[in-house]
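What follows is a short report on a single structure.
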């Protein structure tokens, strides 16, 4: 059986385990089951000497636990997670001890998180996979290509007026900061082949060197976003940060944003941030799950509109508009110079 068939079977099994029409907020039985599972998780986290197993047995049926175990085995096999024992996950297991040692504070840097504590490394999670597990990093780039470059989601350029924005003359039209394999820029160019100006994908040298296929109109530029932007991109019309800032704590975001700010032209340049815009009330579970995942891996966070606005201020920037997507996928936070 091929990998795609295995994945399809897992998805079908997951769907069949759920009751059609379930509403996590209105279904009393479901909420009680979820509360029971949450209590089990809290109990497990108070015993840091024990591995935290798949806390799913309190939800619906025993088949959920079996399904999660099968999915996690696949995730371990491709290197996205590590198994610390019998159905235990090392980062989650280590988090209670990590929080105790740092005084129950949020991570202040991207190299002081539960990830580093569990893996005993000083590298941030992206550099860790690039250096220690390069094959996993390649798999991650393919995953991002499929998730954000494929047809499964409505790309942001289908509901944000990017064609109108890029119609303004600019030598450098579009800079995809930390753009990986260039899937966002390539998708944009396919949708709007008549766009004028330079299109640039920036990422770490090892990522840029690994790009195998990319439209010849798109320039490849090795760049670390913690350093000043090159002179050659100054005055660009659009700087894109797609799934970047949610990876990092606020102070690191300020560095990234500050480097872009120095390359912006007042009244001309924009930053487009493609990330989740978390509602203040009743946020979707998928967004909450992503928020906690970012905390574990890199000290990052999914942010609410107010948190996005506050994040911009120290970098001398301001949110000009929030653009909301269909469903609970990433929105666009449109950012300009504050003065």
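Residue numbers (UniProt numbering): 1 to 339. Beta carbons are placed, not taken as given, at the ideal position from N, Cα and C, and that holds for glycine. All values derive from a computational prediction rather than experimental measurement.
Determine, using beta carbons only, whether residue 200 and residue 274 come nearer to each other than 8 Å.
-> Between residue 200 and residue 274, the C-beta spacing is not below 8 Å.
With a CB to CB cut of under 8 Å and the five nearest residues on each side skipped, what residues in its chain are close to residue 227?
-> Within the same chain, residue 227 has close Cβ partners 259.
Compare the C-alpha of residue 340 against each of 281, 336, 290 and 300 and name the closest.
-> The requested residue 340 does not occur in the structure, where the chain is confined to residues 1 to 339.
Which first and last residues belong to the beta strand (DSSP E) in which residue 323 is found?
-> DSSP places residue 323 in the uninterrupted beta strand (DSSP E) bounded by 317-323.
Helix or strand or just coil, what does DSSP make of residue 214?
-> Assignment of residue 214 by DSSP, reduced to helix, strand and coil, places it in the coil class.
Taking residue 188 as the reference, give the member of 276, 218 and 133 with the closest Cα.
-> Per the Cα distances, 218.
How would you label residue 216, buried or exposed, when you count the other beta carbons within 10 angstroms and need 16 or more for buried?
-> Residue 216 should be labelled exposed.
Just mark residue 129 as buried or exposed, buried being the case when its beta carbon has 16 or more other beta carbons within 10 Å.
-> By the 10 Å Cβ count, residue 129 comes out buried.
Evaluate residue 338 with the Cβ neighbour count: other Cβ atoms within 10 Å of its Cβ, from every protein chain shown; 16 or more gives buried, anything less gives exposed.
-> With fewer than 16 other Cβ atoms within 10 Å, it is exposed.
Can you tell me the Cα-Cα spacing of residue 193 and residue 116, whole angstroms?
-> The C-alpha of residue 193 lies about 43 Å from the C-alpha of residue 116.
Sequence-distant residues of its chain with Cβ nearer than 6 Å to residue 325 (five each side left out) | Within its own chain, the residues whose Cβ lies closer than 6 Å to the Cβ of residue 325, once the five positions on either side in sequence are excluded, are 331, listed in chain order.
Using beta-carbon positions only, say whether residue 182 and residue 237 come within less than 8 Å of one another.
-> No, they are not a contact pair.
Hey, residue 178 and residue 271: beta-carbon distance below 8 Å or not?
-> Cβ distance not < 8 Å, so residue 178 and residue 271 don't count as in contact.
Residue 176 to residue 186 span [Cα, whole Å] = Cα to Cα, the separation comes out at about 10 Å.
Helix, strand or coil for residue 244 per DSSP?
-> In the three-state DSSP reduction, residue 244 falls in the coil class, being neither helix nor strand.
So what does DSSP say about residue 170, is it helix, strand or coil?
-> Here residue 170 carries a coil assignment [DSSP, helix/strand/coil].
Could you tell me the distance, in whole angstroms, from the CA atom of residue 301 to the CA atom of residue 222?
-> For the pair residue 301 and residue 222, the Cα-to-Cα distance works out to about 26 Å.
In or out: residue 38 buried (at least 16 other Cβ within 10 Å) or exposed?
-> Caution is warranted here: a pLDDT of 49 is assigned to residue 38, below 50, making its placement in the model unreliable, and the coordinate value is therefore given only provisionally. Counting Cβ neighbours within 10 Å, residue 38 comes out exposed, since fewer than 16 surround it.
Spatially closest choice to residue 292 from 113, 320 and 253, by CA coordinates = Minimum Cα distance to residue 292 is reached at 113.
Closest by C-alpha distance to residue 296, when choosing among 210, 249 and 172 | Of the listed residues, the one whose Cα sits closest to residue 296 is 249.
Those residues which DSSP pairs with residue 182 across a bridge = Per DSSP, none; premise fails for residue 182.
My understanding is that residue 240 touches residue 174, with C-beta atoms under 8 Å, so please give their C-beta distance in whole angstroms.
-> The Cβ separation is near 7 Å, so the contact holds.
Identify whether residue 273 lies in helix, strand or coil by the three-state DSSP scheme.
-> Of the three classes helix, strand and coil, the one that applies to residue 273 here is strand, per DSSP.
Residue environment, residue 107, which counts as buried when at least 16 other CB atoms sit within 10 Å | It is buried - the Cβ of residue 107 has at least 16 other Cβ atoms within 10 Å.
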